[in-house]
Amino acid sequence: MLVLELKVPPFPLLAAVGHTVWQAGVMHAERQFEAFDLIVCAKGTLYMEENGIAYDIREGTMLVLEPGKTHRGCRPTDRETEVYWIHFEYPADEQPVLTEKSHWHLPLLNRSDQDTQAQPGLVDIPKFAEIDLRTMVPILQDMLKVHGMLTPYGVYELHMLFGRFLVELQGSMRKGGPHARSFFLGEQVAAYLADNLEVPFDSAGMERDLHYHFDYLARCLKQYSGMSPLQYRHHLQMERAKRLLAHSELPLVKVAEQCGFRDNNYFTRLFKRQTSFTPGEYRKRYQVFRVD
């Protein structure tokens, strides 16, 4: 699938949202914008062309028209056609380019509750794709309501709704793509590991509870997060340990136990390998309170 990959921040900013119903025989005018134009067809078919490439935007389909490219209707509508559109800009020095993406890989970021700078991320917007109208149209309608009575305070709300639209769009692409089942199972494995941190790692138990062979579950998690089940578990254990060290007075042995470690020495070695600090050094550096 072709996607526009946006590095965030900066975040895409909504300029306008609109809606129309065209009768048969209407053709879109020729235009060239300096903004992105995201079109969603809720009924009928809109026939568009961008720089000579034709697109049939059918019911339940979306297309993103890009800045600086000429777009126009390439034939009239042949029946009643309902269309929503979003104009948005991406205020970055480097504009996104089209990238072929066959699956969504979601590696975990290194972060903590002590961070003071925003983490960089990605937003993928499909160029031309089918979407779930049942999910997306209600958001578009909420956007239209806010945009129709826009106030200075409503601008932020409108941007948040646009952000929600993009989040739902990305989620639907992951869940509806050719790797949807493996993505879903990767999510399940990640949640299972998070829910079972305090008990010993048990691959047979995971097989039994999730009803798939462990090797297949491990491949799904690898595709989802870039990690093996044990690596993912260790990552979660270290994140929990950081929180307990920074926000509690629990003895180090108890911290290890609550993170699923029966061997405190192994916990200390693994924590230092992951963070470059011993648990005691980390607490001394990052604890957010002191008890006299």
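Just so you know, we're using my numbering here: the sequence shown kicks off at 708 and counts up by one.
A virtual CB, placed ideally from N, CA and C, is assigned to each residue, including glycine.
Taking DSSP as the reference, what is the three-state secondary structure of residue i?
i	result
Leu904	coil
Tyr804	First, the residue type needs correcting, since residue 804 is Val and not Tyr in the sequence shown. Val804: coil per DSSP, three-state reduction.
Val995	coil
Asp922	helix
Asp1019	For residue 1019 there is no data in the structure shown, the boundaries of the chain being 708 and 999.
Pro833	strand
Asp849	helix
Lys961	helix
Glu766	coil
Gly828	strand
Tyr791	strand
His735	coil
Arg786	coil
Thr727	strand
Met880	helix
Arg915	helix
Out of the options, point me to the one whose CA is closest to residue i's CA.
i	options	result
Lys776	Glu789, Tyr989, Met755, Arg765	Met755
Pro717	His854, Ala761, Phe968, Pro827	Pro827
Val733	Arg779, Asn758, Ile746, Phe740	Arg779
Thr985	Lys750, Asp800, His920, Val962	Val962
Arg940	Trp729, Met769, Leu977	Leu977
Ile1011	Val830, Leu829, Val874, Asp831	In this structure the chain extends from 708 to 999, so residue 1011 is not present and cannot be described.
Lys834	Ala911, Leu952, Asp785, Pro803	Pro803
His794	Val896, Arg738, Asp849, Ala723	Ala723
Leu900	Phe740, Thr842, Leu943, Ile832	Leu943
Gln965	Asp922, His918, Met945	Met945
Phe740	Arg915, Trp729, Asn758	Asn758
Leu957	Ala911, Gly987, His920	Gly987
Arg871	Thr842, Gly855, Leu709, Lys979	Thr842
Gly933	Phe890, Asp902, Thr975	Phe890
Once the 5 residues before and after residue i are set aside, which same chain residues still bring their CB inside 6 Å of it?
i	result
Phe869	Leu721
Leu1025	No answer is possible for residue 1025: it lies beyond the span of the chain, which begins at 708 and ends at 999.
Gln703	Residue 703 lies beyond the range of the chain shown here (708 to 999); nothing can be said about it.
Trp1002	Any question about residue 1002 goes unanswered here, given that the chain covers just 708 to 999.
Taking the CB atoms as reference points, tell me whether residue i and residue j lie closer together than 8 Å.
i	j	result
Tyr993	Gln821	yes
Ala749	Val853	no
Tyr791	Val862	no
Leu805	Met769	no
Pro774	Ala799	no
His726	Leu851	yes
Ala898	Leu928	no
Ala731	Arg782	no
Leu937	Phe908	yes
Val995	His954	yes
Gly1015	Tyr919	The question about residue 1015 has no answer here: the residues shown for the chain are numbered 708 through 999.
Glu796	Pro719	yes
Val960	Asn971	yes
Gly967	Leu904	yes
With residue i and residue j assumed to form a contact (beta carbons below 8 Å), what rounded beta-carbon distance in angstroms separates them?
i	j	result
Ser935	Ala948	Actually they are not in contact, since the Cβ atoms of Ser935 and Ala948 sit about 19 Å apart, beyond 8 Å.
Ile838	Gly767	6 Å
Ile832	Leu876	7 Å
Met880	Ala836	7 Å
Tyr989	Leu951	Actually they do not touch by this definition, with Cβ atoms about 10 Å apart.
Under 8 Å Cβ to Cβ from residue i, same chain only, skipping five residues before and after it: list those, please.
i	result
Leu829	Glu712, Leu713, Lys714, Val715
Going along the chain, which residues of its own chain have a beta-carbon closer than 7 Å to the beta-carbon of residue i, five neighbours each way excluded?
i	result
Phe921	Ser910, Met913, Glu914
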